[in-house]
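Participant: Read left to right, the sequence shown gives residues 399 to 700 (the numbering used here).
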Amino acid sequence: MTPDSPCTVCARSGSLIAYDTYKHVWYECVACRNWSREKKARYPLEALAASGLRGLGLLAKPNKSDQELYSYYTGVLAEFEASGSRGKWAGELADLAKLLADNGHELAPGQRILDISGEPGFLAHDARQNGHEVAVTAFVPEVATAIARTLGFPAHAYDFAVGGLPAAVERNDFSWVLSRYGIGYCEDLGQFAREVHAVMASGGHVFVSYSPASHAVPLRWMFDDYAYLRQYTPDYVARTMQGAGLELARIIQMGSYAWDAGLGKPQRLFSAPYSWQRRFQGLPPYACQQHNVGLVFRKPAH
Ligand SMILES: [Zn+2]
């Protein structure tokens with residue numbers, strides 16, 4: 399990809415601005431304002447970081463393979479099976495239910511909930527205990543199998559990049575579809591919107607949380623291999639979901655973070671050559687922060 403390549407979202411040519419960061423080059427499209435990411439084949443200081451010098455490990459944090467993701471989540475599920483511990487996933491359902499209730503929506507018992515990329519499955523597990531009928535999707539087939547075996551409800555393999563959500567879940571009557579911080583990994587949001595619409599009951603809702611396009615995201619996550627592939631504007635997400643036949647019901651602001659929140663000292667030091675680039679300077683306050691937003695859409699009843 400180069401600044402002369404067509405935009406991966408709107409397909410226009412000659413509309414891209416390149417932003418160099420430590421491991422990635424991001425391209426912002428001045429026509430549609432969405433962003434695309436390309437990972438560098440090699441990144442600076444790779445050999446130095448791999449040498450194990452104290453504090454530099456985070457600069458070389460290796461990408462997790464599918465197998466490692468599998469081991470990770472199955473380990474989490476094994477721990478839950480042994481001790482009942484939900485680790486950092488404790489309270490997810492209560493937090494979401496409160497957020498929705500504060501915004502005029504209810505997760506009522508008896509509703510059917512699909513949690514897309516709901517690994518490790520604890521939100522769905524808790525929802526089932528509250529009287530919901532639940533299903534989840536997981537990115538890696540082995541993780542889906544482990545969730546179904548450990549937690550005892552349907553779990554389906556589904557990858558944004560491949561699609562096929564309706565065939566995977568084999569239902570079209572979900573009252574709530576949840577997609578929490580997933581669409582940044584989705585390269586074809588139109589296909590995703592159509593597939594979500596297809597699995598929803600008439601009058602059902604979908605909750606999509608994500609971080610809208612901002613200059614802070616490329617800076618904040620420049621040392622991570624497993625970073626978002628796309629940054630979408632709220633307007634683009636809303637229009638795409640509406641294009642699939644869904645009505646925007648609610649926009650929920652869920653907090654913001656400074657671009658350097660959570661970066662350690664070595665990361666701050668090594669991020670400086672990138673964050674000091676002219677293109678990252680003089681930005682409006684909104685662009686200097688990562689924002690979390692929840693969108694609620696409704697499928698009109700016929
Ligand atoms: Zn574009």
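The C-beta atom is built at its ideal place from N, Cα and C for all residues, glycine as well.
Are the CB atoms of Q679 and A656 nearer to each other than 8 Å?
Facilitator: no
Participant: In the DSSP assignment, the alpha helix (DSSP H) including A596 goes from what residue to what residue?
Facilitator: 587–597
Participant: Count the CB pairs spanning the region 649–664 and the region 687–699 that are closer than 8 Å, and state whether there are at least three.
Facilitator: yes
Participant: Is there at least one non-hydrogen atom of ligand 1 closer than 7 Å to the beta-carbon of S411?
Facilitator: Every heavy atom of ligand 1 is 7 Å or more from the Cβ of S411, so no.
Participant: Excluding the five sequence neighbours on either side, which residues of its own chain have a C-beta within less than 6 Å of the C-beta of S411, listed in chain order?
Facilitator: P404
Participant: Can the beta-carbon of M639 be found less than 8 Å from the beta-carbon of A670?
Facilitator: Taking 8 Å as the Cβ cut-off, M639 and A670 do not qualify as a contacting pair.
Participant: Do L627 and R435 count as a contact pair if the criterion is CB distance below 8 Å?
Facilitator: yes
Participant: So, using beta-carbon positions, are E479 and T548 closer together than 8 Å?
Facilitator: Closer than 8 Å, so yes.
Participant: Verify the contact flag: N432, CB atom, against every heavy atom of ligand 1, threshold strictly below 7 Å.
Facilitator: For N432, the shortest C-beta to heavy atom distance toward ligand 1 is below 7 Å.
Participant: Jot down the residue ranges of each uninterrupted alpha helix (DSSP H) in the region 527–552, minimum 4 residues, whole runs only, in chain order.
Facilitator: 539–549
Participant: I'd like the span of the beta strand (DSSP E) that includes G485, first residue to last.
Facilitator: Where G485 is concerned, there is no enclosing beta strand (DSSP E), given that its DSSP letter is neither H nor E.
Participant: With three or more C-beta pairs closer than 8 Å as the rule, is the region 509–529 touching the region 562–573?
Facilitator: yes
Participant: Beta-carbon separation of Y621 and K437 under 8 Å?
Facilitator: Note on residue identity: the sequence assigns Phe, not Tyr, to residue 621. For F621 and K437, no; Cβs fall outside 8 Å.
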